[in-house]
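Visitor:
In the numbering used here, the protein residues as written are 14 to 183.
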């Protein structure tokens, strides 16, 4: 569950949001409960309201937050890999987020990648598993799209804001 505190017109609102499925949410505002269905989402030119997706602009942009689902939706089979150190050394470290990058929400180690370049993903689909403070965090796709590039490998250490994958331009 995620809690948002919003200031609006001098008043403060506390909103709790629990993701039930990729397009369904339970939203609690005060003592009112709502089941909400996401019917559409779109990228805006100058702003990004989708967690984990960084909107690019001429001046550069700051890293976004990735969605961390409480439970994995689908576990893809992962091929055995070399040692984490070898995997981390094999993958070039990318810096800077850029447009359409899904970035690490916190520092940690990428344990699993469940996509490859060219894969078409749906909003909420599992992209990676990030271990941070001995917890496994499932990183989900912030939107539907095509994976253009993997920026990390299994076993690689990432810092907050490091890109995990980049989406193809829509």
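Every residue gets a Cβ at the ideal spot worked out from N, C-alpha and C, and that includes glycine.
Taking the CB atoms as reference points, tell me whether residue 136 and residue 160 lie closer together than 9 Å.
Guide: no
Visitor: Return the CA-CA distance between residue 134 and residue 119, expressed in angstroms with no decimal places.
Guide: 22 Å
Visitor: Between the Cα of residue 171 and those of 162, 157, 142, 154, spot the shortest distance and give me the residue it belongs to.
Guide: 142 is the residue among 162, 157, 142, 154 whose C-alpha sits nearest the C-alpha of residue 171.
Visitor: What does DSSP give as the partner residues of residue 133 in its beta bridges?
Guide: 159
Visitor: Go to residue 173, then tell me how far its beta strand (DSSP E) extends in each direction, as first and last residue.
Guide: Taken as a continuous stretch (DSSP letters only), residue 173 belongs to no beta strand (DSSP E), as it is neither H nor E.
Visitor: With DSSP collapsed to three states, give me the class of residue 181.
Guide: coil
Visitor: Check whether the Cβ atoms of residue 154 and residue 169 sit closer than 9 Å, and answer yes or no.
Guide: Against a cut-off of 9 Å, the Cβ pair of residue 169 and residue 154 comes out as no contact.
Visitor: Residues in the same chain with beta-carbon distance under 7 Å from residue 50, minus the five sequence neighbours each way, listed in chain order, please.
Guide: 36, 37
Visitor: Let me confirm a value: residue 28 is counted as buried when at least 16 other C-beta atoms fall within 10 Å, else exposed. Which label applies?
Guide: exposed
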